[in-house]
Every structure is written in C-alpha cells, then in structure tokens.
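J.: Residue numbers (this note's numbering): 34 to 230. Could you have a look at this structure, given as structure tokens, before my questions?
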C-alpha cells in the first residue's frame, strides 16, 4: 500500500509514479502494489484544495508562520466547504488510516506492507497504533512525529535546508564553479510567478 504526502496530495499523481521508479520489476512481479487517492484529494468526489492557503505558502517562503496565519488563509475555503455541506470532521489522520484498513479488508488482504511519504508517515503511525495486526511491515519515508504540527515550522525547515545546500555548494569546487550564485538564483526564481505557477 503506497500513500502520498500532503495532506491532500494526489496519490494518483505522485505516489503512483513511485510504483514504477521505487520498486523494480521483481517486486512488482511478486507483490500487488495498491495506490489510493485519499479522501479530499484531486480525483475524489470532494477534492478539498484551498488556493488561498497554497498562495500563502509561497508568499511566506523562508519565514516562520504562526498557526493563526494558516487558519486565516483557510477560513474562506472552510466556509465554502461547510456551505457545500462537507463534513470536515471526517477528514482526519485517524479517518484516513481507517479508510486504508477498510480498503485492505475489501481487497481481501490479511496483512499488508505500508509505505508512507511525508504526511503519509503520520497515517502510517496511526495505522501502527490502531491496526497493528493488519501490518506486515511499515516504511516511513521523510517521517514526522504525530506529536507535532509539522506544518508550523515548514518554512523555517525549508530555509534551513536551502541554506545548507547553498553552503555545501560553495565548499564543493564543481558545484561552486557551476552554480556560483545558487542561493541568489533560487531566490530570483522563487519570486518569479511564472516559475511557481
């Protein structure tokens, strides 16, 4: 069972590709690989995408963002979803884990190996807590603990990673010769709306 990040990333768009790049022919010949589209994602009946929140992520890139800013960005989207009678209380990590358990049950598997990426690792941890007997194994790729809201420090973490990349490039002769202004070039590209959109 392959599960994507997000939350709200499309399994069909992202993790589906992993089935062919991450796993070789031998694995695919021996195993069923199941990719799901989590509730609320792109190809579901009720996709929950919030353009205001997506724009806010790019507008605040490189800075620490308070939870209030996220809530304000989502407010118009939440109001629209509630007006459409979307029960947002059913879009939780625990519910997504229950969905996976139900899918596995419907497919007739006694146990399964779960592979989760980014936000999918939180769902994997929820599966381990709530459905341990259904799991044969769990792979958590780019894991975050359930105990934190990993979205709050995301911009700070991105900034730290980009700084580390720029520093490493400066100390590597080939990289520095090829990309002497890598940090500045990245900032220019990030501020160019045609690059992002």
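The beta-carbon is built from N, C-alpha and C at its ideal position, and this holds for glycine as well. Being a predicted model, the structure only gives us computed values, none of them experimental.
Just to confirm, is the Cβ distance from residue 130 to residue 163 under 8 Å?
T.: Counting from one through the chain shown, the residue named residue 130 turns up at place 97. Counting from one through the chain shown, the residue named residue 163 turns up at place 130. Taking 8 Å as the Cβ cut-off, residue 130 and residue 163 qualify as a contacting pair.
J.: Assign residue 205 to one of three DSSP states: helix, strand, or coil.
T.: Here residue 205 refers to the residue found at position 172 when the chain shown is read from its first residue. Three-state result, residue 205: coil.
J.: From which residue to which residue does the beta strand (DSSP E) around residue 168 run?
T.: Stepping through the chain shown from its first residue, residue 168 is reached at position 135. Run containing residue 168: 168-174, per the beta strand (DSSP E) assignment.
J.: Compute the distance between the beta-carbons of residue 173 and residue 145, then report whether it is under 8 Å.
T.: Here the question's residue 173 lines up with position 140 in the chain shown. Here the question's residue 145 lines up with position 112 in the chain shown. No, they are not a contact pair.
J.: For a quick check, are the C-beta atoms of residue 89 and residue 112 less than 8 Å apart?
T.: Working through the chain shown from its first residue, we reach residue 89 at position 56. Working through the chain shown from its first residue, we reach residue 112 at position 79. For residue 89 and residue 112, no; Cβs fall outside 8 Å.
J.: Put residue 212 into one of helix, strand or coil per three-state DSSP.
T.: To locate residue 212, count along the chain shown from 1; it is residue 179. If DSSP states are grouped into helix, strand and coil, residue 212 belongs with coil.
J.: Per DSSP, residue 148 forms a beta bridge with which residues?
T.: For the purposes of this step, residue 148 is taken as residue 115 along the chain shown, with counting starting at 1. Partner(s): 35 and 172.
J.: Could one say the Cβ of residue 223 lies closer than 8 Å to chain C's Cβ atoms, at least one of them?
T.: Among the protein chains of the structure shown there is no chain C, as only one such chain exists.
J.: Using 8 Å as the threshold, is the C-beta distance between residue 136 and residue 156 below it?
T.: Counting from one through the chain shown, the residue named residue 136 turns up at place 103. Counting from one through the chain shown, the residue named residue 156 turns up at place 123. For residue 136 and residue 156, no; Cβs fall outside 8 Å.
J.: Count the other CB atoms within 10 Å of the CB of residue 69; is the residue buried (16 or more) or exposed (fewer)?
T.: Stepping through the chain shown from its first residue, residue 69 is reached at position 36. Buried: at least 16 other Cβ atoms inside 10 Å.
J.: Give me the DSSP bridge partner(s) of residue 67.
T.: Working through the chain shown from its first residue, we reach residue 67 at position 34. BP columns for residue 67 are empty, so no partner.
J.: Alpha helix (DSSP H) containing residue 101: first to last residue?
T.: Here residue 101 corresponds to residue number 68 of the chain shown, with the count starting at 1. Start and end: 100-116.
J.: Roughly how many angstroms lie between the CA atoms of residue 58 and residue 213, to the nearest whole one?
T.: Along the chain shown, one-based indexing puts residue 58 at 25. Along the chain shown, one-based indexing puts residue 213 at 180. So the two alpha carbons sit approximately 40 Å from each other.
J.: Comparing alpha-carbon positions, which option in 92, 81, 126 and 123 lies nearest residue 108?
T.: Position 75 of the chain shown, counting from 1, holds the residue named residue 108. That would be 81, whose Cα lies nearest to the Cα of residue 108.
J.: Do residue 36 and residue 148 have their beta-carbon atoms positioned less than 8 Å apart in this structure?
T.: In the chain shown, counting from the first residue as 1, residue 148 sits at position 115. In the chain shown, counting from the first residue as 1, residue 36 sits at position 3. Cβ atoms of residue 148 and residue 36: closer than 8 Å.
J.: With 16 as the cutoff for other CB atoms within 10 Å, does residue 86 come out buried or exposed?
T.: Here the question's residue 86 lines up with position 53 in the chain shown. Buried: at least 16 other Cβ atoms inside 10 Å.
J.: Is it right to say residue 160 is buried, meaning 16 or more other beta carbons lie within 10 angstroms of its own, or is it exposed?
T.: Position 127 of the chain shown, counted from the start, is the residue given in the question as residue 160. Buried: at least 16 other Cβ atoms inside 10 Å.
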